[in-house]
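**Student:** Residue numbering for the sequence shown follows the UniProt record's numbering, starting at 1 and increasing by one per position. Handing you this structure, nothing more for now.
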Amino acid sequence: MSVQDFLLELRSEEIPARMQEKARADLAALFEARLQALNLPFESIESYATPRRLALIVRGVAEMTAAASEERKGPRADAPAQAIEGFLRSTGLSREQLVERDDGKGNKVLFAVIDRPGIVAGSVLASAITGAITAFPWPKSMRWGAASSSTESQRWVRPLQGIIALLGDKLVPVEIAGVKSASVTVGHRFHHPGGITIGSANDYIEKLRACHVIVDGAERRNIIALGAKMAAQKAGLTLIEDDGLLYENAGLTEWPMPLLGRFDEAFLDVPPEVIQLTARVNQKYFVCRDSAGKLANAFVCVANIDAADGGEKIVEGNQKVLAARLSDARFFYETDLKTRLEDLTPKLEKIVFHEKLGTVADKVDRVAKLARWLAEEGIVKADPDQAERAARLAKADLVTGMVGEFPELQGLMGGYYAAAQGEPAAVAEAIRDHYKPVGQGDDVPTAPVTVAVALADKLDSITSFFGVDLKPSGSKDPFALRRSALGVIALILDNGLRFPLTKSASKDVLDFFADRLKVQQKEAGVRHDLIDAVFALGGEDDLVRLLARVKALQSFVTSEDGRNLLAGYKRAANILKKETWAPGEVADNEIYEAEPAEAALREALDVAEPKAEAAVEAEDYEAAMAALASLRAPIDKFFDDVTVVDPDAFKREMRLGLLARIRDAVNNVADFSKIEG
Numbered sequence: 001m002s003v004q005d006f007l008l009e010l011r012s013e014e015i016p017a018r019m020q021e022k023a024r025a026d027l028a029a030l031f032e033a034r035l036q037a038l039n040l041p042f043e044s045i046e047s048y049a050t051p052r053r054l055a056l057i058v059r060g061v062a063e064m065t066a067a068a069s070e071e072r073k074g075p076r077a078d079a080p081a082q083a084i085e086g087f088l089r090s091t092g093l094s095r096e097q098l099v100e101r102d103d104g105k106g107n108k109v110l111f112a113v114i115d116r117p118g119i120v121a122g123s124v125l126a127s128a129i130t131g132a133i134t135a136f137p138w139p140k141s142m143r144w145g146a147a148s149s150s151t152e153s154q155r156w157v158r159p160l161q162g163i164i165a166l167l168g169d170k171l172v173p174v175e176i177a178g179v180k181s182a183s184v185t186v187g188h189r190f191h192h193p194g195g196i197t198i199g200s201a202n203d204y205i206e207k208l209r210a211c212h213v214i215v216d217g218a219e220r221r222n223i224i225a226l227g228a229k230m231a232a233q234k235a236g237l238t239l240i241e242d243d244g245l246l247y248e249n250a251g252l253t254e255w256p257m258p259l260l261g262r263f264d265e266a267f268l269d270v271p272p273e274v275i276q277l278t279a280r281v282n283q284k285y286f287v288c289r290d291s292a293g294k295l296a297n298a299f300v301c302v303a304n305i306d307a308a309d310g311g312e313k314i315v316e317g318n319q320k321v322l323a324a325r326l327s328d329a330r331f332f333y334e335t336d337l338k339t340r341l342e343d344l345t346p347k348l349e350k351i352v353f354h355e356k357l358g359t360v361a362d363k364v365d366r367v368a369k370l371a372r373w374l375a376e377e378g379i380v381k382a383d384p385d386q387a388e389r390a391a392r393l394a395k396a397d398l399v400t401g402m403v404g405e406f407p408e409l410q411g412l413m414g415g416y417y418a419a420a421q422g423e424p425a426a427v428a429e430a431i432r433d434h435y436k437p438v439g440q441g442d443d444v445p446t447a448p449v450t451v452a453v454a455l456a457d458k459l460d461s462i463t464s465f466f467g468v469d470l471k472p473s474g475s476k477d478p479f480a481l482r483r484s485a486l487g488v489i490a491l492i493l494d495n496g497l498r499f500p501l502t503k504s505a506s507k508d509v510l511d512f513f514a515d516r517l518k519v520q521q522k523e524a525g526v527r528h529d530l531i532d533a534v535f536a537l538g539g540e541d542d543l544v545r546l547l548a549r550v551k552a553l554q555s556f557v558t559s560e561d562g563r564n565l566l567a568g569y570k571r572a573a574n575i576l577k578k579e580t581w582a583p584g585e586v587a588d589n590e591i592y593e594a595e596p597a598e599a600a601l602r603e604a605l606d607v608a609e610p611k612a613e614a615a616v617e618a619e620d621y622e623a624a625m626a627a628l629a630s631l632r633a634p635i636d637k638f639f640d641d642v643t644v645v646d647p648d649a650f651k652r653e654m655r656l657g658l659l660a661r662i663r664d665a666v667n668n669v670a671d672f673s674k675i676e677g
């Protein structure tokens, strides 16, 4: 059976850049699923997206679906005529076409053998096109086309303007809301606005390239990345790379042309983050660093046209637009600096933090008291006055003009304003970084005052929302409390803070932290059963101590001694579960004559138990594990030489008591019953 390639292009008005990459993947996935459901063989699917089109090429499409034969069991041959007629209607066959077979019980049963011929590829593809368009999961879409009494108008991200559907060089007829498939598309909006006739899937990409359209988003991104980097290097600068901006510019252009522009050096008095955000968010520009690593007065814009003047006028226009944006940013910055942060804090009383938790000013007061307490208790080695001062000013920038324009600069701008207004460096740094860490991979603060404020801020959010029963549930976490909990964990662990959480958290909050810690440690590669083994001990709220125990346990159970001790522990625990034994029933050791292996195990326990307990008390969990490891050989010998469940009740009780000592000694370090293996 010969195969051909199939081309589908869905051309529309502008597709938002942020939607293109997912739409490209969705189109391929939808089409693949439909072809598989319709049993049409193919080799592979390639998909593409530009601002004006989604396209895919299905390679190696078979001529038709495979013929199939279906067998259906019907009623008995002597069944009432009504039953047989109903079966005939459901199969579309006549009585003569049915087959009679013996059911092994002496009865004749009717069977229908329905042969289904293969369906030509064109029909299957037309059905797949319609189905994919109808089911397409755009995050936002609009209705277009005429509705009828039986159907709604068509949904698509923007109105469809054209469809190409070619199998080999033959048109696959399909019509969507009045738009009929054809073999004609259009090129670049300015360079080649006229129609382009596509012969087949094989010439689609190159014909569009000849008309200034690069259909492959990865190729456009590569052109932008290399072109922007070269433009910066040519000017003696280094491009600040930005993957999000790379994808966005590739989604805004069909023929990308990176161009270097400049802005007035006077704007460099504005904080560099403001300049970068203004260029990035408002204008989609890349920015550059100079040889000293500082922000340069240069940017790279991406044009969608190959200008005759080399882009000179395009650059000039973009420079004017950016200058206006930076003038606005400088105005906000200079205006904000005229008012001290402490004079802005009364305005926080007018901002509701949450209807059940009061205003932002109320939150600031709680955080300031907690930050001071953390410092005064020595949990964080920070100056209490500076910790409280930083906390009281930390949210003041929320009412500044700059943060009103760029909310993502909150904290950062407060740090700049505090430094400019003469606040101590530690206070300004704490204001700047108190939201950190905001996610995995983000820097974790280590400066003491910053740690105190960041920890207090996150703890307050968690305990406050839990206090009014607004807890995360399932996939819902509207107040980002899971992220805050991970931030608290990171701050405690990275700074080695000995912080007993029970002093500032309820049982619900402690359980929440335990759950988040398990998630974090699993993602870090720690075995879940080892985490459970340590958590099962209960009563532990010092995260540093808890994770030190987990780390020592992970190292121990992967050693030969650890594996053998685990096996011995589980054997002992299983015997104790089966036997009726309880503490206090063991007779006096002095009147009991133990077997040699039994006596050796008792002596080993007499030595190992106090060593392990002392090591746990000293938080030396490696030493505790080493003490337990000394039990390995005596336990093995005991099980080899001694019958634990002896017919003699006295001996049985003594030996069960030894097993209980093994279990309890091990469980003092971790609950080994939770460990797999």
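Here a beta-carbon is modelled for each residue, glycine too, at the ideal position from N, C-alpha and C.
Which residue wins for smallest C-alpha separation from Ser44, given the options Leu38, Val61, Pro51, Asn564?
**Tutor:** The option with the nearest alpha carbon to Ser44 is Val61.
**Student:** What runs of the beta strand (DSSP E), each 3 residues or longer, lie entirely inside the stretch 329 to 377?
**Tutor:** 352 to 354
**Student:** Quick one: what's got a C-beta closer than 7 Å to Thr339's C-beta in the same chain, skipping five residues either side?
**Tutor:** none
**Student:** Go ahead and pull the three-state DSSP assignment for Tyr285.
**Tutor:** coil
**Student:** DSSP on Leu412, reduced to helix/strand/coil?
**Tutor:** In the three-state DSSP reduction, Leu412 falls in the helix class (H, G or I).
**Student:** Who are Lys180's beta bridge partners in DSSP?
**Tutor:** Glu175
**Student:** Counting C-beta neighbours from all protein chains within 10 Å, is the total for Phe190 16 or more, i.e. buried, or is it exposed?
**Tutor:** Exposed, because fewer than 16 other Cβ atoms sit within 10 Å of the Cβ of Phe190.
**Student:** Beta strand (DSSP E) containing Leu658: first to last residue?
**Tutor:** No beta strand (DSSP E) contains Leu658, which is instead part of the alpha helix (DSSP H) from 649 to 667.
**Student:** Specify the secondary structure class of Gln20 as computed by DSSP and reduced to three states.
**Tutor:** Note: Gln20 maps to helix in three-state DSSP.
**Student:** Counting only beta-carbon atoms, is Ser90 nearer than 9 Å to chain B?
**Tutor:** No chain B appears in this structure, which consists of one protein chain only.
**Student:** Can you tell me the Cβ-Cβ gap for Ala600 and Ala612, rounded? I've got them flagged as a contact below 8 Å.
**Tutor:** About 18 Å; that fails the 8 Å criterion.
**Student:** Judging by CA-CA distance, which residue of Arg661, Ala28, Ala480, Gly411 is the nearest neighbour of Ala132?
**Tutor:** The residue with the shortest Cα to Cα distance from Ala132 is Ala28.
**Student:** Taking Ala296 as the reference, which of Leu260, Asp636, Gly414 has the closest Cα?
**Tutor:** Closest in alpha carbon position to Ala296, among Leu260, Asp636, Gly414, is Leu260.
**Student:** Hey, could you find the ends of the alpha helix (DSSP H) Asn564 is sitting in?
**Tutor:** 560 to 578
**Student:** For Val616, collect the residues of the same chain with a Cβ closer than 7 Å to its Cβ; drop the 5 residues on either side in sequence, then sort them by chain order.
**Tutor:** Ala624, Asn668, Val669
**Student:** Which residue from Lys507, Lys436, Trp144, Asp511 puts its Cα closest to that of Gly411?
**Tutor:** Lys436
**Student:** Measuring CB atoms only, is the stretch 557 to 568 touching the stretch 649 to 657, in the sense that at least three cross pairs come out at less than 8 Å?
**Tutor:** no
**Student:** Among Pro448, Leu54, Arg34, Leu459, whose alpha-carbon lies nearest the alpha-carbon of Glu9?
**Tutor:** Leu54
**Student:** Just verifying my parser: in three-state terms, what is the DSSP assignment at Arg53?
**Tutor:** Three-state DSSP puts Arg53 in a strand.
**Student:** With three or more beta-carbon pairs closer than 8 Å as the criterion, would you say the stretch 316 to 323 touches the stretch 380 to 391?
**Tutor:** no
**Student:** Excluding sequence positions up to five away, which residues of its chain have a Cβ less than 8 Å from the Cβ of Glu265?
**Tutor:** The answer, listed in chain order, is Asn297.
**Student:** In the DSSP assignment, find the unbroken beta strand (DSSP E) run with Leu260 in it and report its ends.
**Tutor:** 257 to 262
**Student:** How big is the Cα-Cα spacing for Ala228 and Val213?
**Tutor:** 19 Å
**Student:** If you compare alpha carbons, which of Gly118, Lys458, Leu277 is closest to Ala68?
**Tutor:** Nearest to Ala68 by C-alpha distance, out of Gly118, Lys458, Leu277, is Gly118.
**Student:** In angstroms with no decimal places, state the Cα-to-Cα distance between Asp103 and Asp78.
**Tutor:** 13 Å
**Student:** Per the contact definition of three or more C-beta pairs closer than 8 Å, is the stretch 138 to 145 in contact with the stretch 167 to 174?
**Tutor:** no
**Student:** Which two residues bound the contiguous alpha helix (DSSP H) that contains Gln386?
**Tutor:** 384 to 393
**Student:** Looking at the structure shown, is Lys108 part of a helix, part of a strand, or coil, going by DSSP?
**Tutor:** strand
**Student:** Name the two residues that bound the continuous beta strand (DSSP E) containing Ala77.
**Tutor:** Judged by DSSP secondary structure, Ala77 falls outside any beta strand (DSSP E); it is assigned neither H nor E.
**Student:** Please list the segments of the alpha helix (DSSP H) lying wholly inside the stretch 396 to 472, counting only runs of 4 or more residues, in order along the chain.
**Tutor:** 401 to 405, 412 to 420, 425 to 433, 448 to 467
**Student:** Short of 7 Å in beta carbon distance, which residues of its chain neighbour Ala126, apart from the five on each side in sequence? Order them along the chain.
**Tutor:** Val172, Pro173, Val174
**Student:** What residue range does the alpha helix (DSSP H) around Gln520 cover?
**Tutor:** First-last of the alpha helix (DSSP H) with Gln520: 507 to 523.
**Student:** Less than 8 Å between the CB atoms is what I'm expecting for Arg59 and Asp26, so what's the real figure, rounded?
**Tutor:** Not confirmed; about 19 Å, so no contact.
**Student:** In its own chain, which residues sit with a C-beta less than 7 Å from the C-beta of Ser149, not counting the 5 before and 5 after it?
**Tutor:** For Ser149, the predicted structure reports a pLDDT of 47, less than 50, and the residue's modelled location is therefore unreliable. A value from the coordinates is still provided. Result list for Ser149: empty, nothing under 7 Å.
**Student:** Helix, strand or coil for Leu62? Go by DSSP, reduced to three states.
**Tutor:** This sequence places Ala at residue 62; Leu is not what is there. Note: Ala62 maps to strand in three-state DSSP.
**Student:** For Gln154, write down the residues that DSSP places opposite it in a beta bridge.
**Tutor:** Trp144
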